[in-house]
Amino acid sequence: IGREWIFEKICQWITPSKSPTSVSESTKPRSDETRHLFESACSMILMGGPGTGKTAIYERIIEARKVVDCESEKLTPEHSGVLFPNCQLLAENLLAHHACSSQFVASLNVPRLILSFRDQIMQRDDAVGDLYRRKLAENGGRLNRLFTSARLCTFPDEVLSEGVFKPLADLDPTLLHGNKLFFLVDAVDECLRLNQTSEVRVPPGWMDARCPHKRGSQISSGSERTDPQLEQLSADLQNCTKLEQGWVSLNVLELLAVNHLFLPPWIVIDDLHCPFVTRDLGGYVFERLKCELVLQATFTANELGQEALQMLQVKSNASFLYLQIVLNAVAQCWLTPDFIKCIPGTLSGLFLWLCQRLLSPLVDGYTPMLMAVKPILSLILASPRPLTLLEIDNILHVNSLNTNGRDVWKHILSLPYFIKHDFPEYLALQPKQWLSLLDCAELERERVVAFAHSSFRDWLLDVKYSTPIYACSPREGHTLLALAALHQIRQIPSLSSSFTWDILFNFTRSTLCNSTNALLQITSALKDVELDF
């Protein structure tokens with residue numbers, strides 16, 4: 001399905017309005033530079049629950065960008081599904097992009113995000129890239145000296161504003177043909193998954209700005225009206241041009257918020273009251289039935305199947321992931337339409353229902369699959385990057401886990417609802433400038449074990465939904481990784497700085513950090529290793 005209506009609404013925010021809005025009329029006079037910066041700015045949030053297609057929309061724009069960058073003779077008929085007008089317009093006006101992922105901890109690193117933005121803009125071969133390179137080189141490279149490790153870690157907000165955004169304020173609007181350039185960031189809330197106790201702070205100057213309830217913003221998904229509350233909030237926040245001295249953003253979410261990149265309007269894509277959302281759900285189901293004869297025969301044979309299909313769309317709560325899981329189960333013939341009425345009506349309930357049926361049986365007569373799978377799930381939760389099958393086997397071997405259990409857990413790879421063994425899709429969509437900043441770019445050519453969807457990760461961490469039976473602890477995974485690292489230290493005296501970072505990352509989050517003996521071991525092992533973060 002195309003989700004064309006979403007791209008159309010995003011295009012409305014990157015194309016200039018012919019009539020002045022109440023926001024621009026209510027803001028106070030500013031200097032020419034600041035006014036130019038805000039008039040050319042574009043802030044918009046795409047909101048939706050887990051599995052509603054937010055990342056798919058991000059990927060669609062990135063794929064369209066790759067097609068636009070190709071030479072015209074290289075375009076094939078299959079590109080027609082990507083390059084419909086609105087998506088092509090977005091791709092042409094995309095300035096830089098970034099995807100956050102808790103499975104790649106480096107993607108949540110604020111200094112690396114800023115460097116990625118800088119490098120992507122510098123690599124452009126158009127007027128924007130020429131202007132930016134010239135600005136960085138002016139005055140003996142004064143702006144370029146902002147991008148030092150110390151300054152990026154200490155004053156990330158200043159570096160992003162002074163070194164990335166403000167140099168672009170002098171761009172001639174005529175070069176943009178009346179449109180606005182924009183930054184695209186996916187999954188900004190992933191930074192909260194890295195530390196479950198972390199919170200997003202509100203800058204002191206913004207304490208009086210109240211964000212209205214989500215329901216008040218849902219008009220963005222179904223009509224062209226604007227909410228006066230949202231407009232006033234946007235105006236109030238834009239007037240907060242200075243943060244109190246001493247404010248430093250601690251994560252990506254705060255960094256984007258204080259730089260006016262995380263403001264209304266909102267486009268909500270999971271509101272079943274919106275006819276566009278309902279149409280998209282129906283379109284997805286129709287395409288599945290058209291392409292898969294098993295589903296077509298199952299749901300169209302009688303009225304019971306048609307009623308079950310309608311009930312399934314309502315239960316999904318606009319989650320395409322929910323629809324995909326259930327339809328896959330029906331296509332594999334282990335779920336019949338009769339049981340759809342018994343399936344929980346939430347994604348969290350669906351995960352519990354699947355685990356009770358697929359992870360509880362005895363695999364070899366005496367080993368419950370759940371007992372064999374839990375250490376693997378804890379490893380995936382804890383690892384700062386996806387692990388290969390060989391790495392997992394080595395970690396389990398070093399930790400002296402049961403041999404039968406080490407073999408049994410691989411049965412879960414045949415169940416695509418939980419984890420998958422494939423090439424990392426995340427790396428395939430990232431710009432080359434970002435891959436060069438990652439410590440694990442070599443994984444692009446490796447098959448790794450990762451969660452099928454990030455919502456399953458959230459479910460495992462929330463004991464309220466997963467129950468104590470299925471809930472997993474990242475702390476246990478960090479302990480397994482730290483013990484394996486200590487073993488490897490004894491085997492390899494000299495270690496790279498990136499591997500040392502992995503050791504320290506896991507050790508400080510494991511149960512070993514309270515052990516004096518373990519602390520002495522790792523201190524002794526790393527005393528001659530040169531650290532460079």
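Each residue of the sequence shown is one higher than the one before, starting from 1 at the first, in UniProt numbering. Backbone N, C-alpha and C define an ideal beta-carbon position, used for all residues, glycine too. Quick caveat: nothing in here was measured; it's all calculated off a predicted structure.
(request) Ignore the nearest five residues each way along the sequence and tell me which others in L354's own chain have a CB closer than 7 Å to its CB. (result) As a working note, residue 354 is residue 354 in the sequence shown. The residues are Y417.
(request) Assign K527 to one of three DSSP states: helix, strand, or coil. (result) Translated into positions along the sequence shown, residue 527 becomes position 527. Residue state for K527 is assigned as coil, using DSSP reduced to three classes.
(message) Short of 6 Å in beta carbon distance, which residues of its chain neighbour E39, apart from the five on each side in sequence? Order them along the chain.
(response) Position 39 of the sequence shown, counted from the first residue, corresponds to residue 39. Note on E39: pLDDT 45, under 50, position unreliable in the model; no value is reported.
(message) What residue range does the alpha helix (DSSP H) around F104 cover?
(response) Taking the sequence shown and counting its residues from 1, the one referred to as residue 104 is at position 104. Under the DSSP assignment, F104 falls outside any alpha helix (DSSP H); it carries neither an H nor an E label.
(message) Assuming C191 and L108 are in contact, meaning their beta carbons sit under 8 Å apart, how far apart are those beta carbons, in whole angstroms?
(response) The residue you call residue 191 lines up with position 191 of the sequence shown. The residue you call residue 108 lines up with position 108 of the sequence shown. Contact between C191 and L108 holds: their C-beta atoms lie close to 5 Å from each other, under 8 Å.
(request) Rank R134, H97, K66 and V248 by C-alpha distance to the C-alpha of T154 and give the top, closest one. (result) Residue numbering aside, residue 154 sits at position 154 when the sequence shown is read from its first letter. Among R134, H97, K66 and V248, the Cα nearest to that of T154 belongs to V248.
(request) Can you tell me which of P156, D170, R151 and S116 puts its alpha carbon nearest to the alpha carbon of K135? (result) Counting from one through the sequence shown, the residue named residue 135 turns up at place 135. Looking at the Cα atoms, D170 is the closest of the given residues.
(message) Under 8 Å: do the region 62 to 70 and the region 464 to 471 share three or more Cβ pairs, one atom per stretch?
(response) Not touching, per the Cβ criterion.
(message) Here's a check: name, in chain order, each residue in its chain whose Cβ is nearer than 6 Å to the Cβ of residue 571, leaving out the five neighbours to either side.
(response) The chain is shown only over 1 to 533; residue 571 falls outside these bounds and no answer can be derived.
(message) Does K214 pass the burial test, meaning 16 or more other C-beta atoms within 10 Å, or should it be called exposed?
(response) On the sequence shown, residue 214 is found 214 positions in, with the first residue counted as 1. Summary for K214: the model assigns pLDDT 36, below 50, so the residue's position carries little reliability, and this model does not support an answer.
(request) Quick one: measure Cβ to Cβ for L255 and V110, integer angstroms, because I've assumed they're closer than 8 Å. (result) Taking the first residue of the sequence shown as position 1, residue 255 is located at position 255. Taking the first residue of the sequence shown as position 1, residue 110 is located at position 110. Confirmed, about 6 Å.
(message) To the nearest angstrom, how far is the alpha carbon of W409 from that of G477?
(response) The count along the sequence shown starts at 1 and reaches residue 409 at position 409. The count along the sequence shown starts at 1 and reaches residue 477 at position 477. Rounded to whole angstroms, W409 and G477 show a C-alpha spacing of 15 Å.
(request) Would you kindly check if the distance between the Cβ of R112 and the Cβ of L437 is under 8 Å? (result) Your numbering for residue 437 matches position 437 in the sequence shown. Your numbering for residue 112 matches position 112 in the sequence shown. Yes, the pair counts as a contact, with Cβ atoms nearer than the cut-off.
(request) Kindly list the residues whose CB is nearer than 7 Å to the CB of C87, restricted to its own chain and excluding five residues on each side of it in sequence; keep chain order. (result) Taking the first residue of the sequence shown as 1, we reach residue 87 at position 87. Cβ within range, chain order: F7, R60, I61 and A64.
(message) My assumption, with CB atoms under 8 Å, is that L323 sits in contact with V285. Please give the rounded CB distance.
(response) In the sequence shown, counting from the first residue as 1, residue 323 sits at position 323. In the sequence shown, counting from the first residue as 1, residue 285 sits at position 285. The pair is a contact, with the Cβ atoms about 7 Å apart (cut-off 8 Å).
(request) Pull up the CB-CB distance for A318 and L272, whole angstroms please, since I reckon it's below 8 Å. (result) Taking the first residue of the sequence shown as position 1, residue 318 is located at position 318. Taking the first residue of the sequence shown as position 1, residue 272 is located at position 272. Confirmed, about 6 Å.
(request) Give the range of the alpha helix (DSSP H) segment to which D69 is assigned. (result) Here the question's residue 69 lines up with position 69 in the sequence shown. First-last of the alpha helix (DSSP H) with D69: K54 to D69.
(request) Would you mind giving the Cβ-Cβ distance between V449 and I489, rounded to the nearest angstrom? I have them listed as a contact below 8 Å. (result) As a working note, residue 449 is residue 449 in the sequence shown. As a working note, residue 489 is residue 489 in the sequence shown. The beta-carbon distance between V449 and I489, rounded to whole angstroms, is 24 Å. This is too long to meet the 8 Å contact definition.
(message) For P156 and I114, which I take to be in contact (beta-carbon distance under 8 Å), what is that distance rounded to the nearest angstrom?
(response) What you label residue 156 is simply residue 156 of the sequence shown in a count that begins at 1. What you label residue 114 is simply residue 114 of the sequence shown in a count that begins at 1. P156 to I114, Cβ: 6 Å. Contact.
(message) Check this for me: beta carbons of Q430 and A187, under 8 Å apart or not?
(response) Here residue 430 refers to the residue found at position 430 when the sequence shown is read from its first residue. Here residue 187 refers to the residue found at position 187 when the sequence shown is read from its first residue. Going by beta carbons, Q430 and A187 fall outside the 8 Å limit.
(request) Write down the C-beta distance between I412 and M369 rounded to the nearest angstrom, noting that I regard them as a contact closer than 8 Å. (result) Translated into the one-based positions of the sequence shown, residue 412 becomes position 412. Translated into the one-based positions of the sequence shown, residue 369 becomes position 369. I412 to M369, Cβ: 7 Å. Contact.
(request) Check the DSSP bridge columns for M311 and list the partner residues they point to. (result) For the purposes of this step, residue 311 is taken as residue 311 along the sequence shown, with counting starting at 1. None; M311 has no bridge partner.
(request) Please go through the same chain and pick out, in chain order, the residues whose beta-carbon is closer than 6 Å to the beta-carbon of L519, but skip the five residues on each side of it. (result) Counting from 1 along the sequence shown, the entry for residue 519 is found at position 519. So no residue of the chain qualifies.
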